[in-house]
Each structure stands twice: as C-alpha cells, then as structure tokens.
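Engineer: The structure is given below, and queries will be raised subsequently.
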Amino acid sequence: MIFRSFTTVAHKPVWRLKQTFYHRLWHALTGKKWDEFDNLLRRMRDQGLNHDEVTYTLKAHYYILNPRTPVENTYLVIEEMKKALMHPSIIRMNENIINSYFELEDISCEPPKSQWQNFTKLIWQTALKLNRQRRHDLKQQLLLKDPNDVMKITQNDVQIMALDEFNQAMITPALSVDEIYDEPISVNAEKYRELPVKKLDIQSQHNLEECNYPEIGDRRDLLEA
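Be aware that the sequence shown starts at 89, since it is given in this note's numbering, and climbs by one per residue.
See below:
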C-alpha cells in the first residue's frame, strides 16, 4: 500500500505524530539530554517515520550543540539532506549558517552554544512552516484530480513528484553580492541633495591607510575635503 506510511496502526496522522516528536527532540536538545535525543530518533525510525526538513535540521545542529560528538558530522547530515531531496531552501539555510559557524570557529569567535539554539529554533520552525504549506498545497492539488486517478497513484509517482518539486525549488532566484550592486538605486532628483563629506576621525583615518583599500585609497581628495 502506497499510503501505508501516511497513518499509524492507531490511524493517527503521521504529521501529527511527527509534531509530537519534533517538540520532544527540541526539548531534549535544549535540555542537553543527548541520550534521549538519540533514543527519540531511533524510535522515529522504528515507527517508520522518515526524516524530513525539521528532523534533519535538529539533527544537524545537534552535532554543534553536543560537546560529545564531532562537530564536523553536521556536514554529513547536510549531504544526507541533499540525497534525500529535502527542500533546497532549507538545505541552503542550514548549510550557509553552518559554514558561518566554522568560519567563526577558526578565529575563535563562534557564538555560545546557548545562543546557537536561537538559530536552530529559527530554522526548524521555518522548516515546520514549509511542511505545513506543502501539505496544504498537495491537498489542494489532489482535490482537483479525479478520485479514481488519485487512488491509482503509485510509489513511483510520488518519487517523481518529489524529484520534480526538488528541481523546481533548485532554481529559486538568488542574487550574488556582485549582482546586488550592479545597478544603483534610482532617486528622486527633486528630493535629492548633496551631503557634505566630513573628515574622518584620527582612528578611522589610520585604519583606512593601514587597510590599503584600492578604490578608497585613490580618493584622498574626498578625505581631505
């Protein structure tokens, strides 16, 4: 049966059962109950509850928050998310912020673990919102189909739908830093007025000269205006 995993033996919707695990995982994570966190993931697997964007997010940041595990394992979770065709937006959100963590760690400036929980909460709740929206959209799509066609959907059809959604989400438009500054923002000429350039204070002047910024260093006429 294709829909076997959609309900439990007690006919409780999978999404509702998963929500219970989400909050228990979160409380175990914030309570530093690492063994309980591992046991909850094992119980989800034993009950046939596949990992999703929320579970993977909590698991990825578990390796950052847990001092007893190699922090590099978080990248293994990111790769697992990609292979499992999780939503690219959630993958990028996790990957970018985790990259920032390692960059800051290299210079001994990583945020405290207690503060990192805030980033984790932001992402897993965003993933939860995304899953709710996807469930709503899927329901609307199925309502537009003939009931007989819906009952003919196979597991292979579901996999094709998942891959198609993944590929579409991959082309989400995103601006690079260079593209952001390609075109200046237009201003209303009537309201625009020039602002006087003020001299830099001694410390700022010293920092500027030490940094050797080529574009700014050549404009000493502005600094001495």
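For every residue, glycine included, the Cβ atom is placed at its ideal position computed from N, Cα and C.
1. With 16 other CB atoms within 10 Å as the buried threshold, where does Thr242 fall?
2. Drop a sphere of 10 angstroms on the beta-carbon of Glu141, count the other beta-carbons inside from all chains shown, and report buried for 16 or more, exposed for fewer.
3. With a cut-off of 8 Å on the beta carbons, I'd call Phe109 and Ala116 a contact; round off their distance for me.
4. Between Glu191 and Cys197, what straight-line distance do the alpha-carbon atoms span, to the nearest angstrom?
5. Alpha carbon to alpha carbon, what distance is there between Phe207 and Ile152?
6. Does any CB atom of chain B fall closer than 7 Å to the CB of Val165?
7. Count the other CB atoms, across all protein chains shown, that sit within 10 Å of the CB of Ile178; report buried if there are 16 or more and exposed otherwise.
8. Flag this pair as yes or no: are the beta carbons of Asn182 and Thr145 separated by less than 7 Å?
9. For Gln135, tell me which candidate among Glu193, Val102 and Asn154 has the shortest Cα-Cα distance.
10. Between Ile186 and Thr214, how many whole angstroms is the CB-CB distance? I'm expecting something under 8 Å.
11. Tell me whether Glu198 sits in a helix, a strand or coil according to DSSP, three-state version.
12. Measuring CB to CB, does Lys147 end up less than 7 Å from Val159?
13. Excluding sequence positions up to five away, which residues of its chain have a Cβ less than 8 Å from the Cβ of Leu82?
14. By the 10 Å Cβ neighbour count, where 16 or more other Cβ atoms means buried, how is Val265 classified, buried or exposed?
15. Give the range of the alpha helix (DSSP H) segment to which Asn127 is assigned.
16. Counting along the chain, where does the alpha helix (DSSP H) carrying Glu167 start and finish?
Structural biologist: Put simply:
1. Start at 1 with the first residue of the sequence shown, and residue 242 comes out as number 154. Residue burial is scored here from C-beta neighbours: Thr242 has fewer than 16 other C-beta atoms within 10 angstroms and is therefore classed as exposed.
2. Taking the sequence shown and counting its residues from 1, the one referred to as residue 141 is at position 53. Of the residues assessed, Glu141 falls on the buried side of the cut-off, its CB having 16 or more other CB atoms within 10 angstroms.
3. Counting from 1 along the sequence shown, the entry for residue 109 is found at position 21. Counting from 1 along the sequence shown, the entry for residue 116 is found at position 28. The beta-carbon separation of Phe109 and Ala116, rounded to 10 Å, does not stay under the 8 Å limit for a contact.
4. Residue numbering aside, residue 191 sits at position 103 when the sequence shown is read from its first letter. Residue numbering aside, residue 197 sits at position 109 when the sequence shown is read from its first letter. Answer to the nearest angstrom: the Cα atoms are 9 Å apart.
5. Walking along the sequence shown from the start, residue 152 turns up at place 64. Walking along the sequence shown from the start, residue 207 turns up at place 119. One C-alpha to the other measures close to 11 Å.
6. Reference to chain B is not applicable here, since this structure consists of a single protein chain.
7. Residue mapping note: residue 178 aligns to position 90 of the sequence shown, counting from 1. Ile178 comes out buried.
8. In the sequence shown, counting from the first residue as 1, residue 182 sits at position 94. In the sequence shown, counting from the first residue as 1, residue 145 sits at position 57. In contact: Asn182 and Thr145 (Cβ atoms closer than 7 Å).
9. As a first step, residue 135 must be located in the sequence shown, where it is residue number 47. Relative to Gln135, the option among Glu193, Val102 and Asn154 whose CA is nearest is Val102.
10. Indexing the sequence shown from 1 puts residue 186 at position 98. Indexing the sequence shown from 1 puts residue 214 at position 126. Wrong, their Cβ atoms sit about 15 Å apart, outside the cutoff.
11. Locating residue 198 in the sequence shown gives position 110, counting from the first residue. Looking at Glu198 - three-state DSSP - the assignment turns out to be coil, as it is neither helix nor strand.
12. Here residue 147 is taken as the residue at index 59 of the sequence shown, counted from 1. Here residue 159 is taken as the residue at index 71 of the sequence shown, counted from 1. No; because the gap between Cβ atoms is not below 7 Å, this pair is not in contact.
13. Because residue 82 is not part of the residues shown, which for the chain are 89 to 313, the question remains open.
14. By one-based count along the sequence shown, residue 265 stands at place 177. Low per-residue confidence applies at Val265: pLDDT is 40, beneath 50, and the placement is therefore not dependable, though the value from the model is reported in the following sentence. Taking a 10 Å sphere around the C-beta of Val265, we find fewer than 16 other C-beta atoms and assign the residue as exposed.
15. Reading the sequence shown from its first residue, position 39 is the one you call residue 127. Taken as a continuous stretch (DSSP letters only), the alpha helix (DSSP H) holding Asn127 covers Trp122 to Asp134.
16. Within the sequence shown, the letter at position 79 stands for residue 167. Counting along the chain, the alpha helix (DSSP H) containing Glu167 begins and ends at Asn161 to Lys171.
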